[in-house]
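**Q**
There are 2 protein chains.
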Amino acid sequence: MERKVYLYDTTLRDGTQGEGISLSVEDKIKIALRLDQFGIDFIEGGWPGSNPKDMAFFERIREVPLKHAKITAFGSTCRPHVAAAEDDNLRALIESGVKAAAIFGKSWDMHVTDALKTTLEENLRMVGDSVSFLKSQGLTTLFLAEHFFDGYKANSAYAMQVLQAAEQAGADWIVLCDTNGGSLPTEIYDIVKAVLKNLQVPLGIHPHNDSGVAVANVLAAVQAGATQVQGTINGIGERCGNVNLISVVPNLQLKLGYSCVSSEQLQQLTQLSRYVAEIANMTLPNNQPFVGNSAFAHKGGIHVSAVLRDPKTYEHIEPEEIGNKRRVLVSELAGQSNLQAKMEELGIDLSLERAEAREIIKTIKEREFQGYQYEGAEASLTLMLLEASGKLKNLFSLDSFKILMEKSASHAITSEATVKIHVNTEVVHTAADGNGPVNALDNAMRKALEVYYPCISKMHLTDYKVRVLDENGATAAKVRVLIESACDGEKWSTVGVSTNVIEASWEALADSIRYLLWKEGCEEAKNLVASEARVGILNH
Amino acid sequence: MERKVYLYDTTLRDGTQGEGISLSVEDKIKIALRLDQFGIDFIEGGWPGSNPKDMAFFERIREVPLKHAKITAFGSTCRPHVAAAEDDNLRALIESGVKAAAIFGKSWDMHVTDALKTTLEENLRMVGDSVSFLKSQGLTTLFLAEHFFDGYKANSAYAMQVLQAAEQAGADWIVLCDTNGGSLPTEIYDIVKAVLKNLQVPLGIHPHNDSGVAVANVLAAVQAGATQVQGTINGIGERCGNVNLISVVPNLQLKLGYSCVSSEQLQQLTQLSRYVAEIANMTLPNNQPFVGNSAFAHKGGIHVSAVLRDPKTYEHIEPEEIGNKRRVLVSELAGQSNLQAKMEELGIDLSLERAEAREIIKTIKEREFQGYQYEGAEASLTLMLLEASGKLKNLFSLDSFKILMEKSASHAITSEATVKIHVNTEVVHTAADGNGPVNALDNAMRKALEVYYPCISKMHLTDYKVRVLDENGATAAKVRVLIESACDGEKWSTVGVSTNVIEASWEALADSIRYLLWKEGCEEAKNLVASEARVGILNH
Numbered sequence: 001m002e003r004k005v006y007l008y009d010t011t012l013r014d015g016t017q018g019e020g021i022s023l024s025v026e027d028k029i030k031i032a033l034r035l036d037q038f039g040i041d042f043i044e045g046g047w048p049g050s051n052p053k054d055m056a057f058f059e060r061i062r063e064v065p066l067k068h069a070k071i072t073a074f075g076s077t078c079r080p081h082v083a084a085a086e087d088d089n090l091r092a093l094i095e096s097g098v099k100a101a102a103i104f105g106k107s108w109d110m111h112v113t114d115a116l117k118t119t120l121e122e123n124l125r126m127v128g129d130s131v132s133f134l135k136s137q138g139l140t141t142l143f144l145a146e147h148f149f150d151g152y153k154a155n156s157a158y159a160m161q162v163l164q165a166a167e168q169a170g171a172d173w174i175v176l177c178d179t180n181g182g183s184l185p186t187e188i189y190d191i192v193k194a195v196l197k198n199l200q201v202p203l204g205i206h207p208h209n210d211s212g213v214a215v216a217n218v219l220a221a222v223q224a225g226a227t228q229v230q231g232t233i234n235g236i237g238e239r240c241g242n243v244n245l246i247s248v249v250p251n252l253q254l255k256l257g258y259s260c261v262s263s264e265q266l267q268q269l270t271q272l273s274r275y276v277a278e279i280a281n282m283t284l285p286n287n288q289p290f291v292g293n294s295a296f297a298h299k300g301g302i303h304v305s306a307v308l309r310d311p312k313t314y315e316h317i318e319p320e321e322i323g324n325k326r327r328v329l330v331s332e333l334a335g336q337s338n339l340q341a342k343m344e345e346l347g348i349d350l351s352l353e354r355a356e357a358r359e360i361i362k363t364i365k366e367r368e369f370q371g372y373q374y375e376g377a378e379a380s381l382t383l384m385l386l387e388a389s390g391k392l393k394n395l396f397s398l399d400s401f402k403i404l405m406e407k408s409a410s411h412a413i414t415s416e417a418t419v420k421i422h423v424n425t426e427v428v429h430t431a432a433d434g435n436g437p438v439n440a441l442d443n444a445m446r447k448a449l450e451v452y453y454p455c456i457s458k459m460h461l462t463d464y465k466v467r468v469l470d471e472n473g474a475t476a477a478k479v480r481v482l483i484e485s486a487c488d489g490e491k492w493s494t495v496g497v498s499t500n501v502i503e504a505s506w507e508a509l510a511d512s513i514r515y516l517l518w519k520e521g522c523e524e525a526k527n528l529v530a531s532e533a534r535v536g537i538l539n540h
Numbered sequence: 001m002e003r004k005v006y007l008y009d010t011t012l013r014d015g016t017q018g019e020g021i022s023l024s025v026e027d028k029i030k031i032a033l034r035l036d037q038f039g040i041d042f043i044e045g046g047w048p049g050s051n052p053k054d055m056a057f058f059e060r061i062r063e064v065p066l067k068h069a070k071i072t073a074f075g076s077t078c079r080p081h082v083a084a085a086e087d088d089n090l091r092a093l094i095e096s097g098v099k100a101a102a103i104f105g106k107s108w109d110m111h112v113t114d115a116l117k118t119t120l121e122e123n124l125r126m127v128g129d130s131v132s133f134l135k136s137q138g139l140t141t142l143f144l145a146e147h148f149f150d151g152y153k154a155n156s157a158y159a160m161q162v163l164q165a166a167e168q169a170g171a172d173w174i175v176l177c178d179t180n181g182g183s184l185p186t187e188i189y190d191i192v193k194a195v196l197k198n199l200q201v202p203l204g205i206h207p208h209n210d211s212g213v214a215v216a217n218v219l220a221a222v223q224a225g226a227t228q229v230q231g232t233i234n235g236i237g238e239r240c241g242n243v244n245l246i247s248v249v250p251n252l253q254l255k256l257g258y259s260c261v262s263s264e265q266l267q268q269l270t271q272l273s274r275y276v277a278e279i280a281n282m283t284l285p286n287n288q289p290f291v292g293n294s295a296f297a298h299k300g301g302i303h304v305s306a307v308l309r310d311p312k313t314y315e316h317i318e319p320e321e322i323g324n325k326r327r328v329l330v331s332e333l334a335g336q337s338n339l340q341a342k343m344e345e346l347g348i349d350l351s352l353e354r355a356e357a358r359e360i361i362k363t364i365k366e367r368e369f370q371g372y373q374y375e376g377a378e379a380s381l382t383l384m385l386l387e388a389s390g391k392l393k394n395l396f397s398l399d400s401f402k403i404l405m406e407k408s409a410s411h412a413i414t415s416e417a418t419v420k421i422h423v424n425t426e427v428v429h430t431a432a433d434g435n436g437p438v439n440a441l442d443n444a445m446r447k448a449l450e451v452y453y454p455c456i457s458k459m460h461l462t463d464y465k466v467r468v469l470d471e472n473g474a475t476a477a478k479v480r481v482l483i484e485s486a487c488d489g490e491k492w493s494t495v496g497v498s499t500n501v502i503e504a505s506w507e508a509l510a511d512s513i514r515y516l517l518w519k520e521g522c523e524e525a526k527n528l529v530a531s532e533a534r535v536g537i538l539n540h
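In structure tokens, the structure reads:
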């Protein structure tokens, strides 16, 4: 049985209620385009009645050619004792120029009497009148029953009357919201089943993740007969977020046999998740189901050898189906078959002799014993493999650096770094300030090298982590620095280890630049740059 | 109906399979103590047969007095054609000295024939023989059926035979594992129900989160009759992690009426989650259900005013039940009673005026907004409270420090710190080398102050952690430094925040010494030390 489940994305509206999430109009347009490509059916763009930024989005999006998605505006029912046709909020929906509108209304009796401070009858009038008005204006109309599950538990008869008022007024969809996110799958299943006995209009589900079971709530609702899911990309949203569509879609499509998007579109899932995270400037957890960086990463030795023989042994789906990939973690727990698999994955073609491979594994183990951790720093691993097989050009090397920090009771701390770096036959000697010692060093290195390798200017650091390895040594202990860098949307991580946090940072920073130069295919420094230009830049 | 559900924590074993997770023996002991306090029934400490670190944990933990939890060792059944009593792996379990052991075995026919490369009959022998052997040695024995749900779907008759072999051999618990994390709640419910028709032994569930529904899978299993849950704190673990016990416990206890821990223990939930994250040096997502920093944070204007009138309007449970808090404008009364409770806990006796208390709460909030985190640094909180009420003597103050680091290609990096510190009316000016900038600064400070406050020589630093607060800024971002110090067996933690790791470290180091001096009751510097002795020491 294949049945269509419609996807309604509210990343651009409910998603932006999440703490720390803020999207410009330009960001929203970019995300809408990607959602359209992915096959989302409804894209909720904002609440035109609530702020000018949302109104600007609806103006801009009209000129953007979308292939499939229906842009939808969000709003509420009319206010008590105001006719729908006279309500500013509803008029703003019409003026936004959309073809579909979603309005929420109360379905929990307590909220009607205590929050809206009106009668249960007046609320039914508001729901019916608002839906009728939008329909009369030719809009596809979705009615969102706020707090429906809590309302149904408190007063199921009234909650049903609210839905019936929307249905009788001609709503195209009725959507049941678990606004507080407190419901559990079995309740959702039973209530959706009960509702469907008394309604003809297609039903949607809009859950929040406060109990950590929002994805399961969607599956329960769909198994009970709901045919629309409202959620956000990566589950962003107020408090614990809305349901994560990134987890919902592969579960529905690959496991339960429902149809949401095409197989080709499903292969964009991982990229979509990371793209939205990038634009919203949020860090994705590595262990995010389906699309996380670790979602198909295997560490334990038994797991690794089994997965290499037959992926089904330790993978619930094929990562390629959703555009993710298998990763074998090279670590103390694993051996030679890992190395071969790893090199293929990293795109390094080294035909190693058995003895060479053994030698490399020995080096990896020694370095891991010293505290290096390559599973979180695959760019450093790549460099090590290339170096071990003599395939890495030495494009720059350190002569020396100095860092001076000064702090007095009355002044903020200052950090200055000077570096001397060999490039070709020259020695570049320059200096830079920074927010701290590592930042100063990073600034000085870039300043020295950008002249020779302009691609460095496109790269930036996206994460910096320090981990103390041996606690008993405390500030004299060994530390591991992990640095994540990005360039043109691609990310890589490097590692450095030392008892000195600055030396460890230097290693990781240098690896980060060396990896970029290898990726970009830089074979030698640009000696063509006029000395004067160089001097000019270095002294800026 | 209240029914006990047993909690089995595998943070220290399966959790450490997670990418980037690495725990020292000391870390594991600390976490075990907290798990015990929280009321966890079984604490799986490691796999004694697999590596020396795990064996060291079992040796150490024997000397630690636990109130409630049973320390459990993990392993596998004996190998094909080897008697259980002769198997090294099983012998290592016995030698670890635990009273409970959990062994996994195959229950998916494909894994028996293709991975173990033995017969289905021999696998049944291995399961039965291994369980019998552990029971004969007096151990509480848990049998973990690996890949049970996939195995049951492929060949339910054989999967059941495996369980029956374990039951007949006397297993105390049988635990069904969703090893690949691909199962959905309805399948879990149906299969657990079916299994329970044919077994008498109590049943546990061990799910992974690859489909994003592990918490719901636990609820389904428990609703079908399982009475033990195996998971990890914060859901750490291989790939997408194990099920998150932090979400499981409040759902079972507050929503479904099962009993796991006491109400008082449940109030430690948020702290437990954050404590383990700190030790594992992992960043918790703000939107983590129940315990996240945003889990009860209200952003939308409508929500905030409604929540202030009646929390039930937009909160599914009361945050206090799990030790989290609402983040709206907290009423000053609630804030003050918290403060009073906290001061009692810290052993500070300050009879504060209403206005003073308000002022202190304001300061704490401002500093938390800047990135200070007092939950992990109660010594700094104590100092702040003492200072705010004028009860802290100023025993030393910074005039200035300088740090110089030099590194050349041919030499190891050197770090030198000079400090000028005011003590009484004098200015001490001295210098020291160190393994790194923070260590050099630490050494210089001690050298300057030990002459006046000899107790400083007894104190040493036991942990030093750096956390980047705003990941997007990378090396220019704000960092939080947490320092743990110890003296005569007592430990305390302090915090510093700055965009400069050295400045943040200075703050935490200075707090660490100030706290010691307060604890030791130092009222003033020892001016009795002869000037000459001082000079001698300062120049050593």
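Top line first, the protein sequences correspond to chains B and Z.
Using full-length UniProt numbering, the first residue of the first sequence is number 1, and each one after it goes up by one.
Using full-length UniProt numbering, the first residue of the second sequence is number 1, and each one after it goes up by one.
Backbone N, C-alpha and C fix where the C-beta goes; we use that ideal spot for every residue, glycine too.
(1) Taking 8 Å as the threshold, find out whether the region 82-89 of chain Z comes into contact with the region 129-139 of chain Z through three or more Cβ pairs.
(2) Do you know whose CA, among B:142, B:389, B:190, B:181, lies nearest residue 244 of chain B's CA?
(3) Strictly by DSSP, which residues pair up with residue 542 of chain Z?
(4) Between which two residues does the alpha helix (DSSP H) harbouring residue 246 of chain B extend?
(5) List the whole-angstrom C-beta distance separating residue 14 of chain Z from residue 179 of chain Z, where the pair is believed to meet the contact cut-off of C-beta under 8 Å.
(6) Taking its Cβ as the centre, do 16 or more other Cβ atoms sit within 10 Å of residue 64 of chain Z, making it buried, or is it exposed?
(7) Which residues in the same chain have their Cβ closer than 7 Å to the Cβ of residue 457 of chain B, if we skip the five residues on either side of it in sequence?
(8) Which whole-angstrom value is the C-beta distance of residue 306 of chain Z and residue 145 of chain B, which I expect to be below 8 Å?
(9) Taking 8 Å as the threshold (beta carbon to beta carbon), is residue 537 of chain B in contact with chain Z?
(10) If you measure between the beta carbons of residue 206 of chain B and residue 162 of chain B, is that distance less than 8 Å?
(11) How would you list, in chain order, the residues of chain Z whose beta-carbon sits under 8 Å from the beta-carbon of residue 223 of chain B?
(12) Measuring alpha carbon to alpha carbon, tell me which residue in Z:191, Z:257, Z:502, Z:384 is nearest residue 359 of chain Z.
(13) Does the region 95-103 of chain B come into contact with the region 140-154 of chain B, if we say contact requires no fewer than three beta-carbon pairs (one atom in each stretch) closer than 8 Å?
(14) Note down the Cα distance separating residue 296 of chain B from residue 325 of chain B, rounded to an integer number of angstroms.
(15) What does the Cβ neighbour count give for residue 473 of chain B, buried or exposed, with the cut at 16 atoms within 10 Å?
(16) Assuming residue 173 of chain B is part of the beta strand (DSSP E), what are its boundary residues?
(17) Answer yes or no: does any C-beta atom of chain B fall closer than 8 Å to that of residue 105 of chain Z?
(18) Any C-beta of chain B sitting closer than 8 Å to the C-beta of residue 111 of chain Z?
(19) Is it right to say residue 24 of chain B is buried, meaning 16 or more other beta carbons lie within 10 angstroms of its own, or is it exposed?
(20) Report yes or no: is there a C-beta of chain Z within less than 8 Å of the C-beta of residue 458 of chain B?
(21) Among B:409, B:241, B:500, B:93, which has the Cα closest to the Cα of residue 285 of chain Z?
(22) Starting from residue 265 of chain Z, follow the beta strand (DSSP E) in both directions and report where the run begins and ends.
(23) Going along chain Z, which residues have a C-beta under 8 Å from residue 432 of chain B?
(24) For residue 18 of chain B, I'd like the list of residues in its chain whose CB is within less than 7 Å of its CB, leaving aside the five on either flank, ordered along the chain.
(25) Confirm, please, whether the CB-CB distance from residue 184 of chain B to residue 552 of chain B is below 8 Å.
(26) On the three-pair Cβ rule with 8 Å, is the region 216-233 of chain Z touching the region 256-263 of chain Z?
(27) Rounded to a whole number of angstroms, what is the C-alpha to C-alpha distance between residue 332 of chain B and residue 52 of chain Z?
(28) Contact check, residue 76 of chain B vs residue 89 of chain B under 8 Å by CB: the rounded distance?
(29) Assuming residue 499 of chain Z contacts residue 380 of chain Z under a Cβ cut-off of 8 Å, what Cβ separation, rounded to an integer in Å, is found between them?
(30) When DSSP labels each residue in this structure, what does residue 540 of chain B get in the three-state scheme?
(31) Classify residue 464 of chain Z as helix, strand or coil using the three-state DSSP reduction.
**A** In short, the structure shows the following:
(1) yes
(2) B:181
(3) Any answer about residue 542 of chain Z is impossible in this case: the structure gives chain Z only from 1 up to 540.
(4) 245-250
(5) Not confirmed; about 10 Å, so no contact.
(6) exposed
(7) 450
(8) In fact, because the Cβ distance is near 17 Å, the residues do not count as touching under 8 Å.
(9) Caution is warranted here: a pLDDT of 47 is assigned to residue 537 of chain B, below 50, making its placement in the model unreliable, and the coordinate value is therefore given only provisionally. Cβ-Cβ to chain Z under 8 Å: no for residue 537 of chain B.
(10) no
(11) 186
(12) Z:384
(13) yes
(14) 7 Å
(15) Confidence is the limiting factor: at residue 473 of chain B the pLDDT is only 46, short of 50, which leaves the residue's position unreliable and the question unanswerable from this model.
(16) 173-178
(17) no
(18) yes
(19) exposed
(20) no
(21) B:241
(22) Premise fails: residue 265 of chain Z lies in the alpha helix (DSSP H), 263-266, not in any beta strand (DSSP E).
(23) Correct list: empty, because the minimum Cβ distance to chain Z is about 12 Å.
(24) 236, 237, 238, 241
(25) In the structure displayed, chain B extends from 1 to 540; residue 552 of chain B sits before or after that span and is not available.
(26) yes
(27) Here residue 332 of chain B scores only 44 on pLDDT, less than 50, and its place in the model should not be relied on; the value that follows carries that caveat. Distance between the alpha carbons of residue 332 of chain B and residue 52 of chain Z is about 13 Å.
(28) 6 Å
(29) Actually they do not touch by this definition, with Cβ atoms about 19 Å apart.
(30) Only weak support exists for where residue 540 of chain B lies, its pLDDT of 45 falling under 50; the coordinates are left without a value.
(31) strand
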